[in-house]
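Asker:
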Amino acid sequence: MKIFLIKDLKKVGKKGEIVNVSDGYGANFIIPQGYGKLLTDNVLGEYHAEVKKQKEEDAKRKSEAIEAAKKLDSITVVFSAKVGKSGSMIGSISPKAIVEAYKKQFDINLDKRKIIDHFQVNAFGTTNLRIELYKDVVATLHVKVVPIEENK
């Protein structure tokens with residue numbers, strides 16, 4: 001039995017897919033529970049419309065991600081940190097703090113889980129971190145850490 005899935009169903013498929021299941025499973029579970037519809041000509045039309053809509057949304061998201069990547073590549077977020085006795089930085093800057101700084105300074109929303117080089121910045125100077133904005137769209141986050149000048 002061919003079914004057009006309306007909702008994601010574990011171990012069967014995702015929303016918008018056409019799957020082949022046993023007659024009993026389709027008739028007794030998937031269709032009555034609202035997970036899918038029996039594949040007919042009308043439902044097949046819905047499927048093609050869903051696929052077209054999904055491709056358009058993906059293309060739009062990818063182009064937005066490319067624009068965001070260009071913007072991110074041209075800006076640098078700046079942090080200041082205290083200097084230790086040995087001249088090294090005291091503390092470190094977490095990916096969460098970096099994401100919050102981009103939001104605060106440039107009003108750019110990022111997901112810290114998408115940072116590929118997931119480590120804490122613990123040195124003065126500029127550090128570059130890569131972040132995946134969308135499938136195959138990677139941008140570079142420029143993080144500059146400057147020492148705080150303390151008056152003695």
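Counting in the UniProt record's numbering, the sequence shown runs from 1 upward without gaps.
Where a beta carbon is used, it is the ideal one built from N, C-alpha and C, also for glycine.
A quick note: this is a predicted structure, and the numbers were derived from the prediction, not measured.
Contact between the region 48 to 60 and the region 112 to 129: three or more CB pairs below 8 Å?
Answerer: Result no; under three Cβ-Cβ pairs closer than 8 Å.
Asker: Mapping the DSSP letters down to three states, classify residue 66 as helix, strand or coil.
Answerer: Here residue 66 sits in helix by DSSP.
Asker: Can you list, in chain order, the stretches of the beta strand (DSSP E) that have 3 or more residues and sit fully within the UniProt domain "Ribosomal protein L9" (1 to 44)?
Answerer: You should have 2 to 5, 18 to 20, 36 to 38.
Asker: How about residue 112 and residue 99: do their beta carbons lie closer than 9 Å?
Answerer: For residue 112 and residue 99, yes; Cβs fall inside 9 Å.
Asker: Closer than 7 Å by C-beta to residue 50: which residues in its own chain qualify, once you throw out the five before and the five after it? Chain order, please.
Answerer: Closer than 7 Å at the Cβ level, and outside the excluded window around residue 50, lie 16.
Asker: Give me the Cα-Cα distance between residue 31 and residue 74, rounded to the nearest whole angstrom.
Answerer: C-alpha separation (whole angstroms): 51 Å.
Asker: Where does residue 149 fall in DSSP's three states?
Answerer: Of the three classes helix, strand and coil, the one that applies to residue 149 here is coil, per DSSP.
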